[in-house]
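Numbering (the working numbering), first residue to last: 199 to 404.
Note that the Cβ used here is the ideal one computed from N, Cα and C, for glycine as well.
Note that this is a predicted model, so its numbers are computed, not measured.
Accompanying notes for the structure given below.
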């Protein structure tokens, strides 16, 4: 992986998306969509064997591992609207953890293991928020016309995300990467030579 070479890991009957490495780098968790249904699968990177984790006739997507690799969080519409769920990978028990208004998406476990970051759409506005892994303590750290793809810094103190704003005249700004502290303050923009999205941190950064 460090050489920059590419390798096809499999040819699947459907569309795969939202892949995430396990903390030990030995597995991938991802969504596999076919026939209008999307479920969560896990791949062993040694054997390249796939294991299906969810069995819901709807949309289960955007999985993310806990730092210890024992749990995943993901979004699902199984309640009738997009909400956040947590699965114990040993018992396969699934618990819903988001109960607020709006549509929740793209949950990501913090490196410290105590929080889950997410995006939410409510009343036409997008939010970046965090909550504890049991769903308690939900709070907003940023809101805007459009925000997506929260990504934790390695120290668990900062969240980077994709952002577009609507100006007073109705014009939509170009896509940018912004970062905000967990307190919701110290917002800053990452300067890029062109439009940017899908931020990801190097594990070597403090």
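Name the DSSP bridge partner or partners of residue i?
i, result
"residue 327", "316, 338"
"residue 219", "226"
"residue 239", "228, 250"
Tell me where the beta strand (DSSP E) around residue i begins and ends.
i, result
"residue 376", "374-379"
"residue 250", "248-250"
"residue 167", "Shown here, the chain extends from 199 to 404; a query on residue 167 therefore has no answer."
Could you have a look at residue i and say whether DSSP puts it in helix, strand or coil?
i, result
"residue 214", "strand"
"residue 230", "strand"
"residue 270", "strand"
"residue 389", "coil"
"residue 259", "strand"
"residue 350", "strand"
"residue 384", "coil"
"residue 395", "coil"
"residue 254", "coil"
"residue 401", "coil"
(request) Counting only runs of 3+ residues fully inside the segment 272-309, write out the beta strand (DSSP E) ranges in chain order. (result) 281-286, 292-294, 301-307
(message) Any contact between the segment 311-331 and the segment 288-302? By contact I mean 3 or more CB pairs, one from each, below 8 Å.
(response) yes
(request) Assess, as a yes-or-no matter, whether the segment 254-265 is touched by the segment 216-226 under the definition of 3 or more beta carbon pairs within less than 8 Å. (result) yes
(message) Count Cβ pairs between the segment 297-310 and the segment 348-358 that sit closer than 8 Å; are there 3 or more?
(response) yes
(request) Could you tell me whether the segment 272-283 touches the segment 241-248, using the rule of 3 or more Cβ pairs below 8 Å? (result) no
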